[in-house]
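Asks: Chains as they are written, first to last, in the numbering used here: chain H, 21 to 303; chain P, 8 to 468.
Just so it is clear, CB atoms sit at the ideal spot from N, CA and C, and this is done for glycine as well.
Below are the structure tokens for one structure; questions will follow.
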Amino acid sequence: MFNSSPAARAVAALCFLLTIENAAAAEPLRVGMIPDAGATQVSVEQKAPLQKYLEQQMGMPVKLVIPTSYNATVEGLGNGSLDIAYFGGLTYVKAHERYGAVPLVQRDVDQQFQALFITRKATGIKSLADLKGKTFCFGDINSTSGHLFPYLAMKQAGISVDADLKSTRYTGSHAATAQAVAAGVCDAGSLDETVFKSMVADGKIPGESMRVFFTTPPFADYVWAARKDLSPALQEKFSAALLRLQPGRDDAILEILRGEHYVKADDAEYDDVRKVGKELGLL
Amino acid sequence: MDSLWPLLSAFFPPVLTPSYLRALLPPVVETLGLAAGSMFLAFLISLPLGIAAGLRLPGTRPLLAVLSAVRAIPDLTVAILCVILFGVGPGAGLLALAIYYGAVVAKMFADILRTAPRPPLEALAATGARRLQLALFGLLPLKRADLLTYGAYEFESALRASIVVGAVGGGGLGSELVGSLAALDFPRVTTQLIVLVTVVAVLDQLAVWLRRHPRWLLALAPLGLAALAAYAPRLLAFDHALHVFGEMFPPRLTERDWAALLPRLWETAWMALAGTGGAVLAAALFGALTARNLAPPWLAWPLRRLMEVLRSIPEVVWGLILIAVAGVGPTAGAAALGLHSAGCLARLFAESLENAPRAPQLAIAGTGASAVVVTAWATVPLALGPVAVHSLFRLEWNLRMATVMGLIGAGGIGQALYDAQQLFFYRQMMAYILITWVLVALVDNASEALRRRYKLNQIPA
Numbered sequence: 021m022f023n024s025s026p027a028a029r030a031v032a033a034l035c036f037l038l039t040i041e042n043a044a045a046a047e048p049l050r051v052g053m054i055p056d057a058g059a060t061q062v063s064v065e066q067k068a069p070l071q072k073y074l075e076q077q078m079g080m081p082v083k084l085v086i087p088t089s090y091n092a093t094v095e096g097l098g099n100g101s102l103d104i105a106y107f108g109g110l111t112y113v114k115a116h117e118r119y120g121a122v123p124l125v126q127r128d129v130d131q132q133f134q135a136l137f138i139t140r141k142a143t144g145i146k147s148l149a150d151l152k153g154k155t156f157c158f159g160d161i162n163s164t165s166g167h168l169f170p171y172l173a174m175k176q177a178g179i180s181v182d183a184d185l186k187s188t189r190y191t192g193s194h195a196a197t198a199q200a201v202a203a204g205v206c207d208a209g210s211l212d213e214t215v216f217k218s219m220v221a222d223g224k225i226p227g228e229s230m231r232v233f234f235t236t237p238p239f240a241d242y243v244w245a246a247r248k249d250l251s252p253a254l255q256e257k258f259s260a261a262l263l264r265l266q267p268g269r270d271d272a273i274l275e276i277l278r279g280e281h282y283v284k285a286d287d288a289e290y291d292d293v294r295k296v297g298k299e300l301g302l303l
Numbered sequence: 008m009d010s011l012w013p014l015l016s017a018f019f020p021p022v023l024t025p026s027y028l029r030a031l032l033p034p035v036v037e038t039l040g041l042a043a044g045s046m047f048l049a050f051l052i053s054l055p056l057g058i059a060a061g062l063r064l065p066g067t068r069p070l071l072a073v074l075s076a077v078r079a080i081p082d083l084t085v086a087i088l089c090v091i092l093f094g095v096g097p098g099a100g101l102l103a104l105a106i107y108y109g110a111v112v113a114k115m116f117a118d119i120l121r122t123a124p125r126p127p128l129e130a131l132a133a134t135g136a137r138r139l140q141l142a143l144f145g146l147l148p149l150k151r152a153d154l155l156t157y158g159a160y161e162f163e164s165a166l167r168a169s170i171v172v173g174a175v176g177g178g179g180l181g182s183e184l185v186g187s188l189a190a191l192d193f194p195r196v197t198t199q200l201i202v203l204v205t206v207v208a209v210l211d212q213l214a215v216w217l218r219r220h221p222r223w224l225l226a227l228a229p230l231g232l233a234a235l236a237a238y239a240p241r242l243l244a245f246d247h248a249l250h251v252f253g254e255m256f257p258p259r260l261t262e263r264d265w266a267a268l269l270p271r272l273w274e275t276a277w278m279a280l281a282g283t284g285g286a287v288l289a290a291a292l293f294g295a296l297t298a299r300n301l302a303p304p305w306l307a308w309p310l311r312r313l314m315e316v317l318r319s320i321p322e323v324v325w326g327l328i329l330i331a332v333a334g335v336g337p338t339a340g341a342a343a344l345g346l347h348s349a350g351c352l353a354r355l356f357a358e359s360l361e362n363a364p365r366a367p368q369l370a371i372a373g374t375g376a377s378a379v380v381v382t383a384w385a386t387v388p389l390a391l392g393p394v395a396v397h398s399l400f401r402l403e404w405n406l407r408m409a410t411v412m413g414l415i416g417a418g419g420i421g422q423a424l425y426d427a428q429q430l431f432f433y434r435q436m437m438a439y440i441l442i443t444w445v446l447v448a449l450v451d452n453a454s455e456a457l458r459r460r461y462k463l464n465q466i467p468a
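So, in structure tokens, the structure goes:
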């Protein structure tokens, strides 16, 4: 009785599609990347080359997942819905502390990362001290370069985030911070230097009317890490796939990852991040 | 205002390459699967619970209280919890929707079955029928039409909700949207919105059709089952989920949190009041300009389509977009609530104007009054009652929505909840969940009492 109706056919077609999707998802390696515009192209279509590269290198299906928050990425490693994840410094420390995440590889720049303080030239802000009485935008609350180290820099400069700033907001991402500062939503903001530079280069924010008025000392940031129960062979294969990337040969992949060279990562690099995180009550 | 044009132009032209449209197919299928799978589970849970309440078995009262309580946790809050416990992806979204709609549908089934006429049931009981027989041959046949009609109505709501759970990591089109917005990839956002509006429009037609042929709701069962098989959270993770859930107790707030609580609650209330207020004003104008008895068709037709677009984009999606372009904060939240509400209210206001009783209008027209005079002194005053009721219901709904707008960055209590979640301060997060819960339950009860006192009935949209 259901055969002739268009509704029945639509239902059947949908069932079919669901089945296909399910079949294709047979035990792939599930790789999660924090939703960070500076680190990744997020659309399903744009991330396809990276997924293909990993599948070809690992010799198994790979499913790229972009969780909607830092928290979800960490919990994903904990509950086993992710096998490998791309973290910022602070989120890595949390994932390591909560679930024993194993650091694998990172871009060479990640070992000496810096955060920028930006403003519109029109605000007249030229130093951290000028931030008193101004509105300020951090990125994600869990971001190392968008929140943790900028917070520390202000503290060391004698600026109390709670008492001296007029108001603070968490924008959720580096790109959103750049946009908010450029649009005047906040007087100043702090963010990942690679994101700021690429947004200026792409014309997404007007570089000529912006001013970088402080650069933090270097710290360790982004890193790829594995679930602690993931087989060492798979961890090794994944690391090798990224370590093998070469400028010139793998530019399409490197552009997605915004890097040039990959190096081995280790937990001791993050001692500073851990210390600062504890000090500022974020751990 | 002069910054509006560059902002809008950033959204055009949409990306319509075949490869991108194909890439969007899996998320769309996932969203549909989420709705079907969760509603399948919800119906499965609700039917026995509803029947138990309908037969007035012992324990019915506490059961109804529990269902009302679960229903008062906003669906997006349930989704955040499920994402933490079961990981990102459609499994968490499916579970969240199933829990929320399970409670909603069970409460509705219970209400429907409890109003079944008693004499036929008593007659059946007199023949010595057992409880199960009473349910199968008495209750269900008596109320079958109502159950199916309201079931179709809830299915429609679940479809919209399944887009929204993606915003906090529940999979589907919502997750894609969040990703593109985070990357400020506005042309792709436009494409996703076009897809979203189209999907909602098609499904609205399907839902209307289903309400007329409710039996076909059953044909969705295999789809639901398939989705369940594809997306159900893995059993392995339950152990982890229990452990993390344990970390959320006992709930607690720091002194600093307590000090900030009242301003945060006010921010939430302000969002709802400002959003609803703005929407009522806009809807008064657009309702009149789209009412068939007041506006010429060449004006009403395009404006009606515009209102349809406004309301087919859920509040949370408006919120995500406005926050991405205009920055975080309660203003974006209020505007998001306002845009969606304006679309909904304009239609309801137009219907109220169209349904104003004819006789008084004809009486005034009969005195030789002009059309403007008839409108001002008969049509509008006659429609004011329903307009007020619709506005009040919208305010109630928006108070509830305002608590979740914070989860996407719009400030208020939801923002505090979200920040605590992000920092893994789960005991604080649980405290905010409980506060939100109590608040929404209070608003629900107040509105229910008001409704009973003034005998207002919700006029179905």
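Compute the distance between the beta-carbons of I87/P and V175/P, then report whether it is under 8 Å.
Replies: Yes.
Asks: Here's a check: name, in chain order, each residue in its chain whose Cβ is nearer than 7 Å to the Cβ of D241/H, leaving out the five neighbours to either side.
Replies: For D241/H, where only same-chain residues beyond five positions count, the Cβ hits under 7 Å are G108, G109, D130, F133, T164 and S165.
Asks: Tell me the rounded alpha-carbon separation between E117/H and L184/P.
Replies: Each residue's Cα considered, the two are about 31 Å apart.
Asks: Near K150/P, which residues of its chain fall below 7 Å by C-beta distance, leaving aside the five closest residues on each side in sequence?
Replies: Hits under 7 Å: I119, L120 and A123.
Asks: Can you check whether the CB of G282/P is closer than 8 Å to the CB of N405/P?
Replies: Cβ atoms of N405/P and G282/P: closer than 8 Å.
Asks: From what residue to what residue does the beta strand (DSSP E) around D310/H run?
Replies: The structure shown does not extend to residue 310/H, since chain H is modelled only from 21 through 303, so no value can be given for it.
Asks: Helix, strand or coil for K83/H per DSSP?
Replies: It is a strand residue.
Asks: With a Cβ-Cβ cutoff of 8 Å, do A121/H and A246/H count as a contact?
Replies: Result yes, Cβ atoms of A121/H and A246/H sit closer than 8 Å.
Asks: Looking only at C-alpha atoms, which of V380/P, P33/P, G345/P and V394/P sits nearest to E470/P?
Replies: Because chain P is modelled from 8 through 468, residue 470/P falls outside the range shown and cannot be assessed.
Asks: Against chain P, does V293/H count as a neighbour if the rule is that its beta carbon must be under 8 Å from one of theirs?
Replies: Not closer than 8 Å to any Cβ of chain P, the Cβ of V293/H fails to qualify, so no.
Asks: Going straight from the alpha carbon of G179/P to that of A339/P, what length do you get?
Replies: Rounded to the nearest angstrom, the two C-alpha atoms are 24 Å apart.
Asks: At 3 residues or longer, what runs of the beta strand (DSSP E) sit wholly inside the segment 127-210 of chain H?
Replies: Listed in chain order, the complete beta strand (DSSP E) runs (minimum 3 residues) inside the segment 127-210 of chain H are 135-140, 155-158 and 187-190.
Asks: Indicate whether V447/P and R407/P have their beta-carbon atoms separated by less than 8 Å.
Replies: Yes; because the gap between Cβ atoms is below 8 Å, this pair is in contact.
Asks: Looking only at its own chain, which residues have a Cβ that is under 6 Å from the Cβ of L402/P, when we skip the five neighbours before and after it?
Replies: Once the five neighbours on either side are set aside, the close Cβ partners of L402/P are T283.
Asks: By Cβ distance below 8 Å, which residues in the same chain neighbour T410/P in space, the five residues on each side in sequence not counted?
Replies: Contacts found: P81, T84, T275, G419, I420, G421, T443, L446 and V447.
Asks: Within 10 Å of its beta-carbon, does A302/P have 16 or more other beta-carbons around it, so buried, or fewer, so exposed?
Replies: Flag for A302/P reads buried.
Asks: Please confirm if R189/P has its CB atom under 8 Å from at least one CB of chain H.
Replies: Inspection of the sequence shows that residue 189/P is occupied by Ala rather than by Arg. Yes, A189/P counts as interfacial toward chain H.
Asks: Scan the segment 126-195 of chain P and note each continuous alpha helix (DSSP H) run of 4 residues or more that stays entirely inside, going in chain order.
Replies: The segment 126-195 of chain P contains these whole alpha helix (DSSP H) runs: 138-141, 147-171 and 180-189.
Asks: Does DSSP put F233/H in a helix, a strand or coil?
Replies: The answer is strand: DSSP assigns F233/H an E or B state.
Asks: Does the CB of A331/P have a neighbour CB from chain H at under 8 Å?
Replies: So yes, A331/P belongs to the interface.
Asks: Just to confirm before moving on: does the CB-CB distance between S210/H and F158/H stay below 8 Å?
Replies: Closer than 8 Å, so yes.
Asks: At the level of alpha carbons, what is the spacing between L352/P and W244/H?
Replies: When rounded, the distance between both Cα atoms is 49 Å.
Asks: With F107/H as the anchor, note down where its beta strand (DSSP E) starts and where it stops.
Replies: Element bounds for F107/H: I104 to F107.
Asks: Would you please verify whether the beta carbon of R140/H is less than 8 Å from any beta carbon of chain P?
Replies: Closer than 8 Å: no.
Asks: Just to confirm my understanding: we take L84/H, look at its own chain, exclude 5 residues before and 5 after, and list those with CB closer than 6 Å. What are they?
Replies: So the qualifying residues of the chain are V51, K67 and Q71.
Asks: Verify whether the separation of the beta carbon atoms of F93/P and N99/H is less than 8 Å.
Replies: It is a contact, given that the beta carbons lie within the stated cut-off.
Asks: Does Q53/H come out as helix, strand or coil in the three-state DSSP assignment?
Replies: Gln is not the amino acid found at residue 53/H; the sequence shown has Met there. M53/H falls in the strand class under three-state DSSP.
Asks: Taking 8 Å as the CB-CB limit, is A298/H close to chain P?
Replies: Here residue 298/H turns out to be Lys, not Ala, going by the sequence shown. It does not: the Cβ of K298/H has no partner Cβ on chain P nearer than 8 Å.
Asks: Below 8 Å, how does it come out for the segment 95-111 of chain P and the segment 161-175 of chain P: are there three or more Cβ pairs, yes or no?
Replies: Verdict: yes, contact present.
Asks: Just checking, does the segment 385-392 of chain P make contact with the segment 364-371 of chain P on the three C-beta pairs under 8 Å criterion?
Replies: In short, these stretches touch, since the Cβ pair count reaches three.
Asks: Would you tell me roughly how many angstroms separate the C-alpha atoms of L280/P and S348/P, rounded to the nearest one?
Replies: If I take the Cα positions, the gap works out to 12 Å.
Asks: List the residues of chain H that V445/P touches, going by C-beta distances under 8 Å, in chain order.
Replies: None at all; the shortest Cβ gap to chain H is about 24 Å.
Asks: So which residues on chain H does V4/P lean against when the C-beta distance must stay under 9 Å?
Replies: Outside the displayed range of chain P (8 to 468) lies residue 4/P, so it cannot be described from this structure.
Asks: May I ask you to report which of helix, strand or coil DSSP gives Y282/H?
Replies: If DSSP states are grouped into helix, strand and coil, Y282/H belongs with the strands.
Asks: So, does the CB of Q368/P fall closer than 8 Å to a CB anywhere in chain H?
Replies: Output row for Q368/P: interface = no.
Asks: So, at 6 Å on beta carbons, what are the nonlocal neighbours of A44/H in its own chain, with the 5 sequence-adjacent residues on each side left out?
Replies: Note that A44/H has pLDDT 44, beneath the 50 cutoff, so the model's placement of it is unreliable and the number below is only indicative. For A44/H, where only same-chain residues beyond five positions count, there are no Cβ hits under 6 Å.
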